[in-house]
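Engineer: Mapping of the sequence shown onto our numbering: residues -5 to 263, in sequence order. All C-beta atoms in this analysis are idealised placements derived from N, C-alpha and C, irrespective of residue type, glycine included. Input: one structure, supplied below.
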Amino acid sequence: MRVIIEPDYEKLSLWAARYIARRIKMHERSGETRPFVLGLPTGSSPIGTYKELIRLVKSGYLSFRNVVTFNMDEYVGLPREHEQSYWTFMHKNFFDHIDIPAENINILNGMAEDPVAECQAYEEKIASYGGIDLFLGGIGADGHIAFNEPFSSLSSRTREKSLTYDTKVMNSRFFGGNISAVPSTALTVGVETVMSADEVIILVNGHSKARALKHTVEDGVSQAWTCSALQMHRRAIIVCDEDACDELKVATYRYFKDIEKANLEPMAL
Ligand code: GLP
């Protein structure tokens, strides 16, 4: 696991966006005809990364014409047009501002009549592209990745999951503070779906994520902190800010600062 410690959210976002941009460019230059397959999250964590990716597209440096995306999750029971659906979030914050063809965008349908079939078809579609090249993710304060809440199976694949009370409280800020307005379940990729990607980048910012970061990096692999499964990934990169490091041991912090010291500047383009 690599841990990139940036001074603040802005730098963290630049680092992640430029890393992703570089991966897409490398894929393009390799002459691969297969599209680049990118897994994407919602939430506040990726907004800065999306902003920089949008800027790179608008500047002409980057194109998403040959990129296929798969979002991590979607609330059950919210129609696409609902202002808090992840479909709306993704279009408003990212897809409407880049040159990705609409048919390249994949988001689970939270209104599917048969959620089991919907989830199965999602996994099959990912497989049909040869899997995900890079999965970008955020993390919940309780360490959940996508909506894989504590004690989710670390071998899980896309399915419907109940949301914990804590997650509903956290996400109620988007529903006018009304916990009962937050859907109780979501369709989500599984831990194993994320783990099957060739590469995973997780964004961790702010003091409220400090415990989750500690469990991701320092403690043992446990279903209680689904983020800890990333320790078993061959190419996992955690990009965090200083505030998120509050619970790391000084030695851990120093180790990553030292070993990554040549790689901390968001790459120049
Ligand atoms: C939600 C999403 C996760 C996201 C998490 C953290 O529960 N399902 O994918 O990582 O929230 O959100 P934020 O980035 O707003 O802290």
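(1) What are the complete beta strand (DSSP E) segments, minimum 3 residues, inside the segment 56 to 133?
(2) In this structure, does DSSP put Gly42 in helix, strand or coil?
(3) Between which residues of its own chain and Glu236 is the CB-CB distance below 8 Å, once the five residues before and five after are set aside?
(4) Just tell me which of Leu72, Val70, Arg59 has its CA closest to the CA of Ala96.
(5) Would you grab the beta carbon distance between Ala220 and Val198 for me? Rounded to a whole angstrom, and I think it's under 8 Å.
(6) Can you tell me where the alpha helix (DSSP H) holding Leu8 begins and where it ends?
(7) Which first and last residues belong to the alpha helix (DSSP H) in which Asp240 is found?
(8) Of all the options Asn100, Glu154, Ser150, which has the alpha carbon lying nearest to the alpha carbon of Ala266?
(9) Please name the residue in Arg167, Gln78, Val188 whose C-alpha comes closest to that of Ile126.
(10) Extract the residue ranges of the beta strand (DSSP E) inside the segment 143 to 189, only unbroken runs of 3 or more that lie entirely within it.
(11) Tell me, please, whether the segment 128 to 142 touches the segment 35 to 49 by the rule of three or more beta-carbon pairs shorter than 8 Å.
(12) At a cut-off of 8 Å, is Thr82 close to the ligand GLP when judged by its beta-carbon and the heavy atoms of the ligand?
(13) Can you round the beta-carbon distance between Leu265 and Lys203 to whole angstroms, since I take them to be within the 8 Å contact cut?
(14) Provide the residue span of the alpha helix (DSSP H) that contains Phe250, from first to last.
(15) Do Val183 and Arg205 count as a contact pair if the criterion is CB distance below 9 Å?
(16) Could you say which of Glu68, Asp93, Thr27, Ile94 lies nearest to Thr82 if we only look at CA atoms?
(17) Any idea if Pro40 is buried or exposed, counting beta-carbon neighbours within 10 angstroms, 16 or more meaning buried?
(18) Which of the three DSSP states, helix, strand or coil, is assigned to Leu47?
(19) By the three-class DSSP mapping on this structure, what secondary structure does Val(-3) have?
(20) Based on DSSP bridge pairs, tell me the residues matched to Cys33.
(21) Look at Arg17 and Ala230 and say whether their C-beta atoms are less than 9 Å apart.
(22) Looking at Arg12 and Met226, is the spacing between their C-beta atoms short of 9 Å?
(23) For Thr43, which option in Phe89, Ala223, Gln78 has the closest C-alpha, if you only look at C-alpha atoms?
(24) Between the alpha carbons of Leu177 and Leu128, how many angstroms are there, rounded?
(25) Quick check on DSSP: helix, strand or coil for Ala230?
Structural biologist: Reading off the structure:
(1) 61 to 65, 67 to 69, 128 to 131
(2) helix
(3) Close CB contacts of Glu236 within its chain, under the 8 Å cut and outside five residues either way in sequence, are with Ile(-1), Glu0, Pro1, Asp2 (chain order).
(4) Residue Arg59 is the option with its Cα nearest to Ala96.
(5) Contrary to the premise, residue 220 reads as Thr rather than Ala in this sequence. So it is not a contact: roughly 14 Å between Cβ atoms.
(6) Looking at the DSSP string, the run of the alpha helix (DSSP H) that includes Leu8 is 3 to 23.
(7) Premise fails: Asp240 is in no alpha helix (DSSP H) and is neither H nor E.
(8) With the chain covering -5 to 263 only, the question about residue 266 has no answer from this structure.
(9) Val188
(10) Within the segment 143 to 189, the runs of beta strand (DSSP E) that reach at least 3 residues and sit entirely inside it are, in chain order, 153 to 156, 179 to 182.
(11) Contact holds: three or more Cβ-Cβ distances are below 8 Å.
(12) no
(13) Here the chain comprises residues numbered -5 to 263, so residue 265 is not present and cannot be evaluated.
(14) 244 to 253
(15) no
(16) Glu68
(17) buried
(18) It is helical.
(19) strand
(20) Here residue 33 is Gly; the residue named in the question, Cys, does not match the sequence. Per DSSP, Phe64, Phe129.
(21) no
(22) no
(23) Phe89
(24) One detail in the question is off: residue 177 reads as Pro in this sequence, not Leu. Distance between the alpha carbons of Pro177 and Leu128 is about 28 Å.
(25) Strand.
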